[in-house]
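What follows is a short report on a single structure.
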Amino acid sequence: MEPIQNPFQWEDAPDPDKFSKCVHCGLCLPACPTYQETGNEAQSPRGRVYLIKAATEGRLSLTDSFADPIWDCLDCRACETACPAHVQVGVLVEESRGQLTQAHPASGWSGFIGKVFMRGIFPYPKRMKMVGKLTRFYQQSGLQKAARSLGMLKLLPKHLQEMEAVLPSIPSQISRDTLPGILPAEGEQRAVVALFAGCIMDVLYAPINLATARVLARNGCQVIVPEGQICCGALQVHAGDREMAKKMARKNID
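Counting along the sequence shown from 1, when you hit position 40 you're at 34 in the working numbering, and nothing is skipped either side.
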């Protein structure tokens, strides 16, 4: 049987220099949550690396047998800590997701919701702030309690039901509305630190950002909260939307 054409046809394809370092020793297996849960070699770090290598060499196409292990990865990078060869499994998985997203764009309700949030909300702090206010109203007004007790959430896709189930209590203000542009160091200044507020952290976990700034200031750091910063783009990279992630990264770098 003749080999298939290399299915990685788009920018940022997995780098052979990264996956060629893997010697399939198996030291990553105890560190991998999906392998521990399934016992499936394809759901292990070395299994995923092998699938990526096989696709690059034209021995595997981008079917479900390739896509499922790539998307099921938690991208936690625990395997990288255990790897003696320092294989960048997380980067390889993210590069592969970029290829899968190009080859098989998400469609239907799931694709629509993903596009709305990844491209229409997360990159825009004002929109994130509005979503936070609406979510807080949903929690504080009794709507959440009613929706849960009446089973209305069952109308949502499963992944949205799971997200709603783990929503934290939304604070009344986002962290950037509370933090000054510059927070002076307490006592002798030892360093200057820029605080990246993020998107989810800024809105859903504002107290953590505030606590971070206080700890830094207490330890002699002048804390600067740069204006114009937006979401870092990590969520987009994890979801395979590398184009949008690059645009967001460039804005933050600038």
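Glycine included, every Cβ here is placed at the ideal spot set by N, Cα and C. Note that the structure is a prediction, hence the values are computed from the model and not measured.
Residues that DSSP places opposite residue i in a beta bridge
i      : result
Leu177 : Val217
Ala185 : Cys215
Supposed close pair residue i, residue j - CB separation, criterion 8 Å
i      : j      : result
Ala191 : Ser163 : The Cβ separation is near 19 Å, so there is no contact.
Ile64  : Pro8   : Not a contact, Cβ separation roughly 10 Å.
Met122 : Cys22  : 35 Å between Cβ atoms; not a contact.
Val83  : Glu74  : 6 Å
Pro165 : Ala200 : 5 Å
Gly227 : Arg91  : Their Cβ separation, rounded to whole angstroms, is 14 Å, which puts Gly227 and Arg91 out of contact at 8 Å.
Leu56  : Pro1   : 5 Å
Leu173 : Thr129 : About 21 Å separates the two Cβ atoms, so there is no contact after all.
Ile218 : Ile176 : 5 Å
Ala211 : Leu189 : Contact flag wrong, Cβ pair sits at about 10 Å.
Glu158 : Leu147 : 6 Å
Through-space distance from residue j to residue i, alpha-carbon basis
i      : j       : result
Met250 : Ile202  : No statement about residue 250 is possible, as the shown extent of the chain runs from -5 to 248 and does not include it.
Arg40  : Lys152  : 30 Å
Gly20  : Val231  : 27 Å
Arg42  : Thr28   : 11 Å
Val61  : Leu94   : Before going further, note that residue 61 is Ala rather than Val in the sequence given. Using only the alpha carbons, I get a separation of about 7 Å.
Lys15  : Gln155  : 40 Å
Gly33  : Pro220  : 46 Å
Gly52  : Gln(-1) : 5 Å
Asp6   : Glu237  : 10 Å
Phe13  : Gln216  : 41 Å
Ala36  : His18   : 12 Å
Lys120 : Pro24   : 42 Å
Val186 : Ala179  : 9 Å
Gln134 : Phe106  : 28 Å
Leu198 : Gln167  : 9 Å
Glu31  : Glu182  : 50 Å
Lys127 : Asp66   : 32 Å
Asp58  : Cys26   : 21 Å
Ala141 : Tyr132  : 10 Å
Arg184 : Asp171  : 26 Å
Tyr118 : Val85   : 26 Å
Lys109 : Cys70   : 23 Å
Asp11  : Val209  : 40 Å
Ala239 : Gln96   : 14 Å
Tyr44  : Thr50   : 10 Å
Gln3   : Gly222  : 35 Å
Val125 : Ala48   : 42 Å
Leu111 : Leu150  : Leu is not the amino acid found at residue 111; the sequence shown has Phe there. Between Phe111 and Leu150, the C-alpha separation is close to 16 Å.
Short CB-CB distance (under 8 Å) between residue i and chain B
i      : result
Met242 : The structure shown has no chain B; it contains just one protein chain.
Cβ-heavy atom distance, residue i to the ligand ZN, below 7 Å
i      : result
Ile107 : This structure does not include the ligand ZN; it has no bound ligands of any sort.
> Is the stretch 98 to 112 touching the stretch 74 to 90, taking contact as three or more C-beta pairs under 8 Å?
Replying inline: no
> Can you list, in chain order, the stretches of the alpha helix (DSSP H) that have 4 or more residues and sit fully within the stretch 86 to 169?
Replying inline: 102 to 114, 119 to 134, 137 to 143 and 152 to 159
> Whole beta strand (DSSP E) runs in the stretch 14 to 80 with 3 or more residues, listed along the chain?
Replying inline: none
> With contact counted as at least three CB pairs below 8 Å, one residue from each stretch, are the stretch 236 to 245 and the stretch 210 to 228 in contact?
Replying inline: yes
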